[in-house]
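I have placed the structure first, in the form of structure tokens, so that the comments after it can refer back to it.
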């Protein structure tokens, strides 16, 4: 019985020493950042690939931006249609609003395409363009409704 107890202590000591050795000198090759306690530098670290949690958080933020763009487009489109149906948006203002609506739709399509392609730079640019055009449309609808 004492032999097994001694072997258990030896096993715990060996594991502790090996963990301590990893914790002291291990760094991620791509960044030189020390590896957190209990983790091992992986091939993904060497390639500079983000951790799954970071990628998941980024994906959630991307999806939230896409939903924001879609919702803003639907809301601005509804505001424009309401102004046209009520007769408050007519003539040149209606033509301007329609052109801006086309810009928004192109931005929404570009946002969708960039999201599917995983093109982060184009994705944020397209989303910003679409959201800026939504603001322009709301201003145009407001001007048309004021006449």
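In the working numbering, the protein residues as written are 98 to 244.
Note that the Cβ used here is the ideal one computed from N, Cα and C, for glycine as well.
The model shown is predicted, which means the values in this text are computed figures rather than measured ones.
Using the three-state DSSP reduction, which class does residue 185 fall into: helix, strand or coil?
In this structure, residue 185 counts as coil in the three-state DSSP scheme.
Quick one, which of 226, 182, 187 has its alpha-carbon nearest residue 165's?
Restricting attention to 226, 182, 187, the CA atom closest to the CA of residue 165 is found in 226.
CA nearest to the CA of residue 201, picked from 213, 172, 159, 182:
Closest option to residue 201, judged by alpha-carbon separation, among 213, 172, 159, 182: 172.
Rounded to whole angstroms, what's the CA-CA distance from residue 229 to residue 208? Just pull it up for me.
Answer to the nearest angstrom: the Cα atoms are 13 Å apart.
Of the choices 206, 186, 159, 160, whose alpha-carbon is the least far from that of residue 234?
Answer by Cα proximity: 186.
Could you say which of 196, 216, 212 lies nearest to residue 237 if we only look at CA atoms?
Of the candidates 196, 216, 212, 196 places its Cα closest to the Cα of residue 237.
Quick one: what does DSSP say residue 96 is sitting in, helix, strand or coil?
No statement about residue 96 is possible, as the shown extent of the chain runs from 98 to 244 and does not include it.
Should residue 190 be labelled buried (16 or more other beta-carbon atoms within 10 Å of its own) or exposed?
Within a 10 Å sphere around the beta-carbon of residue 190 sit 16 or more other beta-carbons, which makes this residue buried.
Is residue 204 buried or exposed, if buried means 16 or more other CB atoms sit within 10 Å of its CB?
Around the CB of residue 204, 16 or more other CB atoms lie within 10 Å, so the residue is classed as buried.
Quick test of your reading: residue 223 and residue 214, contact by CB under 8 Å. State the CB separation rounded to the nearest angstrom.
With 8 Å as the limit, residue 223 and residue 214 do not qualify as a contact, their Cβ atoms being about 11 Å apart.
Is it buried or exposed, residue 218, if we count other Cβ atoms within 10 angstroms and call 16 or more buried?
Counting every other CB atom within 10 Å of its CB across the protein chains shown gives residue 218 a total below 16, marking it as exposed.
Between residue 159 and the rest of its own chain, which residues show a CB-CB distance below 6 Å, the 5 nearest in sequence each way excluded?
Sequence-distant Cβ neighbours of residue 159 in its own chain, meaning closer than 6 Å and more than five residues away, do not exist here.
Inter-residue Cα distance where the pair is residue 178 and residue 161
C-alpha of residue 178 to C-alpha of residue 161: approximately 26 Å in a straight line.
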